[in-house]
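Trainee:
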């Protein structure tokens with residue numbers, strides 16, 4: 001179909017040859033042969049996609065759909081008494097103060113993590129780019145990236161030691177600076193910040209690399225022109241680098257949002273883990289993701305947990321769409 | 001406007017010497033073109049003047065004021081980059097006024113009014129009225145080029161620096177923009193340094209051309225002198241398209257007492273500097289392709305050669321031939337389109353003696369032309 005305007009143009013400019021072209025493309029034999037080839041192409045494409053799609057389907061899409069399904073049922077692993085209950089699970093969720101509390105905890109966690117991630121990662125990226133010579137650059141980049149490749153559970157256990165109120169490194173640093181020692185994971189006020197510090201340490205490397213890539217894409221000449229234009233460093237950053245970096249920043253914000261709402265392993269490990277009682281003290285670190293886990297696998301309320309997960313999914317979806325909507329106004333794509 | 005003085009400017013990157021002792025004075029209001037093949041250090045020299053690159057040693061002065069450690073924004077230079085380097089996220093208006101706002105002083109309202117007026121002036125000068133609210137992406141190559149010029153000019157720079165500003169344009173537009181640049185410089189005679197590897201730009205635009213090679217200045221002269229009196233064999237070969245024919249051959253005298261190269265491959269009049277050219281010593285002789293013509297074998301300068309290939313270029317013929325020497329030195333001649341030459345034929349080419357240049361075979365330095373000699377001949 002897309003060929004028609006071109007054919008028409010040829011016909012206009014070159015009548016005799018053009019007429020023949022038009023006839024050729026509309027003869028039925030040729031058309032169906034083309035359709036057959038397109039069908040074959042498509043079959044090959046789907047054939048190649050199938051293995052990956054199958055894995056996704058079995059381990060991701062089907063469980064996700066099934067989760068959405070059981071959220072409207074009374075459902076248990078060991079019972080066969082599956083019963084449709086409509087919105088009952090959601091009604092119970094809203095009535096449960098712990099669920100609202102967990103939403104609030106997740107929101108707090110996310111709202112701190114996003115700006116902290118962007119500021120620290122961008123700051124480190126800027127320092128690495130400016131201060132490090134090309135020869136040692138690789139070494140520094142590796143050093144910053146290294147925490148990200150360590151297993152979360154293992155390093156979170158190390159962070160538990162660091163935050164030990166009596167013997168931990170964290171309090172040693174604080175007291176060396178003549179600051180009061182903190183109870184860290186043992187207190188409702190500092191437990192979540194302690195988890196945030198661990199999470200930042202673990203995830204920053206990735207975001208630094210992303211920002212470094214983004215900075216490398218800002219043409220050097222633009223910075224030089226701005227310097228010649230009399231702009232000081234801060235103005236160059238604010239008016240040139242920051243706007244041109246906005247797609248990267250946007251990507252980091254989305255990634256950090258999703259990762260924060262889904263944060264689980266580090267919270268689980270640092271606040272009680274396999275010994276039970278994760279999410280404490282006094283539910284101060286019980287985020288939505290953690291509550292979903294506990295509701296399903298500790299308290300066996302699978303359909304209630306499914307409803308929670310669905311709500312969590314909707315929240316992340318809405319946030320992402322909101323960010324996308326905002327980005328259309330502030331992100332500059334070259 | 002400023003007078004620019006560079007003295008012994010050296011720039012090294014690690015062990016690489018990119019600019020190797022450049023001495024150059026650009027007079028107030030002068031248009032100087034730095035010309036040379038890629039990698040010759042011309043762009044680095046320009047960036048040193050702009051302050052974007054720190055020199056390893058040497059001195060740079062504007063109007064007698066030392067600029068070595070002055071940051072780029074305090075030198076009063078306007079620069080146009082090869083790829084324009086327009087701020088892609090800003091409109092033309094913002095691109096033009098960004099620098100003015102960066103330097104804004106005094107009362108805000110008065111400053112704004114002044115900026116608006118300056119933008120209007122530049123927009124009128126460069127005819128950018130219709131695209132003032134467009135972003136660079138929406139502009140044509142020529143318009144982007146003009147915005148880049150405007151952004152550099154709006155600051156009323158003392159020194160105007162252009163780094164291959166036309167090389168991203170297609171051929172037609174390039175010719176037009178070249179004329180516009182020449183006209184612009186007439187209207188606003190700011191001291192200008194212009195970097196290019198395109199000799200037609202250099203020869204048409206420049207008051208003086210600076211030919212650079214391997215980080216050194218090889219010649220500083222008027223465009224006409226660069227063409228007619230190249231300072232050395234490199235400049236001779238680089239300028240012109242195709243470049244000058246250069247043959248390094250032993251000098252001698254034949255049985256009739258006439259001067260020849262390689263025992264008769266080229267017949268010439270007496271050498272320009274007899275002290276430097278003795279029997280058996282080599283000399284580099286150069287003749288531009290466009291100065292060669294078919295002559296009889298009794299001409300003053302006679303270059304006999306064998307035709308290898310004839311290119312018909314409409315207005316003229318480009319004949320590729322070789323000398324009758326053992327090494328078959330290549331000869332290129334640009335001949336009248338009406339000339340009949342055939343592949344494989346032996347032709348005698350000749351030139352006016354003053355069009356035949358002599359260079360030292362070792363240093364490549366110019367020895368002179370064969371002016372006043374009674375007879376020059378080249379034969380193969």
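Chains as they are written, first to last, in the numbering used here: chain B, 1 to 334; chain F, 1 to 380.
All C-beta atoms in this analysis are idealised placements derived from N, C-alpha and C, irrespective of residue type, glycine included.
Note that the structure is a prediction, hence the values are computed from the model and not measured.
Measure the C-alpha to C-alpha separation of residue 57/B and residue 170/B and round it to an integer number of angstroms.
Mentor: Residue 57/B sits at position 57 when you count from the first residue of the first chain. Residue 170/B sits at position 170 when you count from the first residue of the first chain. Approximately 45 Å, taken between the alpha carbons.
Trainee: Could you name the residues of the same chain whose beta carbon sits closer than 8 Å to that of residue 232/F, not counting the 5 residues immediately before and after it, in chain order?
Mentor: As a position in the second chain, residue 232/F is number 232, starting the count at 1. Here the set comprises 218, 219, 359, 363, 364, 365 and 366.
Trainee: Between residue 147/F and chain B, is there a C-beta pair that is closer than 8 Å?
Mentor: Taking the first residue of the second chain as position 1, residue 147/F is located at position 147. No - not a single Cβ of chain B is within 8 Å of the one on residue 147/F.
Trainee: State the Cα-Cα distance for the pair residue 198/F and residue 174/F, rounded to the nearest angstrom.
Mentor: As a position in the second chain, residue 198/F is number 198, starting the count at 1. As a position in the second chain, residue 174/F is number 174, starting the count at 1. One C-alpha to the other measures close to 11 Å.
Trainee: Per DSSP, what kind of secondary structure is residue 172/F in: helix, strand or coil?
Mentor: Counting from one through the second chain, the residue named residue 172/F turns up at place 172. The answer is helix: DSSP assigns residue 172/F an H, G or I state.
Trainee: Who are the neighbours of residue 51/B on chain F, taking C-beta pairs under 8 Å?
Mentor: Start at 1 with the first residue of the first chain, and residue 51/B comes out as number 51. By Cβ distance, chain F contributes nothing, its closest Cβ being about 41 Å from residue 51/B, past 8 Å.
Trainee: Within the continuous alpha helix (DSSP H) that includes residue 198/B, where are the two ends?
Mentor: In the first chain, the residue the question calls residue 198/B occupies position 198. Run containing residue 198/B: 191–216, per the alpha helix (DSSP H) assignment.
Trainee: By how many angstroms is the C-alpha of residue 119/F removed from the C-alpha of residue 129/F?
Mentor: By one-based count along the second chain, residue 129/F stands at place 129. By one-based count along the second chain, residue 119/F stands at place 119. Those two C-alpha atoms are separated by around 10 Å.
Trainee: Report yes or no: is there a C-beta of chain F within less than 8 Å of the C-beta of residue 130/B?
Mentor: Position 130 of the first chain, counted from the first residue, corresponds to residue 130/B. False, the Cβ-Cβ gap to chain F never drops below 8 Å.
Trainee: DSSP state of residue 328/B, grouped into three classes?
Mentor: Position 328 of the first chain, counting from 1, holds the residue named residue 328/B. DSSP places residue 328/B in helix when its eight states are reduced to three.
Trainee: Out of 125/B, 225/B and 147/B, point me to the one whose CA is closest to residue 137/B's CA.
Mentor: Translated into positions along the first chain, residue 137/B becomes position 137. The shortest Cα separation from residue 137/B among 125/B, 225/B and 147/B belongs to 125/B.
Trainee: Taking 8 Å as the cut-off, does the region 109–128 of chain F touch the region 160–176 of chain F (at least 3 CB pairs, one atom from each stretch)?
Mentor: Output reads no: the region 109–128 of chain F does not touch the region 160–176 of chain F.
Trainee: Compare the C-beta of residue 79/F against all C-beta atoms of chain B and say whether one is closer than 8 Å.
Mentor: Stepping through the second chain from its first residue, residue 79/F is reached at position 79. Output row for residue 79/F: interface = yes.
Trainee: Closest by CA to residue 84/B, which one among 92/B, 71/B, 310/B and 287/B?
Mentor: Numbered from 1 along the first chain, position 84 holds the residue referred to as residue 84/B. Selected option, being the one with the closest Cα: 71/B.
Trainee: Compare the Cα-Cα distances from residue 285/F to each of 266/F, 291/F, 76/F and 17/F and report the closest residue.
Mentor: Within the second chain, the letter at position 285 stands for residue 285/F. Out of 266/F, 291/F, 76/F and 17/F, 266/F has the C-alpha closest to the C-alpha of residue 285/F.
Trainee: With a CB to CB cut of under 7 Å and the five nearest residues on each side skipped, what residues in its chain are close to residue 205/F?
Mentor: Within the second chain, numbered from 1, the residue matching residue 205/F stands at position 205. Only 31, 33, 178, 181, 182 and 194 meet the Cβ criterion.
Trainee: If you draw a straight line from the C-alpha of residue 128/B to the C-alpha of residue 29/F, how long is it?
Mentor: Residue numbering aside, residue 128/B sits at position 128 when the first chain is read from its first letter. Residue numbering aside, residue 29/F sits at position 29 when the second chain is read from its first letter. Going by the C-alpha atoms only, they are around 43 Å apart.
Trainee: So for residue 369/F, helix, strand or coil by DSSP?
Mentor: As a position in the second chain, residue 369/F is number 369, starting the count at 1. Three-state DSSP puts residue 369/F in a strand.
Trainee: Distance, Cα to Cα, residue 75/B vs residue 304/B?
Mentor: Counting from one through the first chain, the residue named residue 75/B turns up at place 75. Counting from one through the first chain, the residue named residue 304/B turns up at place 304. In a straight line, the C-alpha of residue 75/B is about 9 Å away from that of residue 304/B.
Trainee: Residues in the region 25–55 of chain F with C-beta within 7 Å of chain B's C-beta atoms, listed in sequence order?
Mentor: Here the close residues are 50 and 52.
Trainee: Is it a yes or a no for the region 288–306 of chain F touching the region 348–357 of chain F, going by three-plus beta-carbon pairs under 8 Å?
Mentor: Yes, they touch.
Trainee: To which residues of the same chain is residue 295/B closer than 7 Å at the C-beta, ignoring the five residues directly before and after it?
Mentor: Numbered from 1 along the first chain, position 295 holds the residue referred to as residue 295/B. 301, 304, 305 and 308, listed in sequence order.
Trainee: Among 321/F, 49/F and 63/F, which residue has its Cα nearest to the Cα of residue 27/F?
Mentor: Locating residue 27/F in the second chain gives position 27, counting from the first residue. Nearest option by C-alpha distance: 63/F.
Trainee: If you compare alpha carbons, which of 224/F, 208/F, 135/F and 67/F is closest to residue 85/F?
Mentor: Against the second chain, residue 85/F aligns to sequence position 85. Considering only alpha carbons, the answer is 135/F.
Trainee: Can you round the beta-carbon distance between residue 238/F and residue 209/F to whole angstroms, since I take them to be within the 8 Å contact cut?
Mentor: For the purposes of this step, residue 238/F is identified with residue 238 of the second chain, where counting begins at 1. For the purposes of this step, residue 209/F is identified with residue 209 of the second chain, where counting begins at 1. 11 Å between Cβ atoms; not a contact.
Trainee: Is there a C-beta anywhere in chain B that falls below 8 Å from the one on residue 73/F?
Mentor: Position 73 of the second chain holds residue 73/F. Yes, residue 73/F counts as interfacial toward chain B.
Trainee: Among the candidates 323/F, 214/F, 143/F and 103/F, whose CA atom is the shortest distance from the CA of residue 228/B?
Mentor: Against the first chain, residue 228/B aligns to sequence position 228. Per the Cα distances, 103/F.
Trainee: Pop quiz: residue 368/F and residue 307/F are said to be a contact at Cβ under 8 Å. What is the actual Cβ separation, rounded to whole angstroms?
Mentor: Taking the second chain and counting its residues from 1, the one referred to as residue 368/F is at position 368. Taking the second chain and counting its residues from 1, the one referred to as residue 307/F is at position 307. Not confirmed; about 30 Å, so no contact.
Trainee: Cβ of residue 99/F less than 8 Å from any chain B Cβ?
Mentor: Within the second chain, numbered from 1, the residue matching residue 99/F stands at position 99. Chain B contact via Cβ: present.
Trainee: Using the three-state DSSP reduction, which class does residue 97/F fall into: helix, strand or coil?
Mentor: Along the second chain, one-based indexing puts residue 97/F at 97. Residue 97/F falls in the helix class under three-state DSSP.
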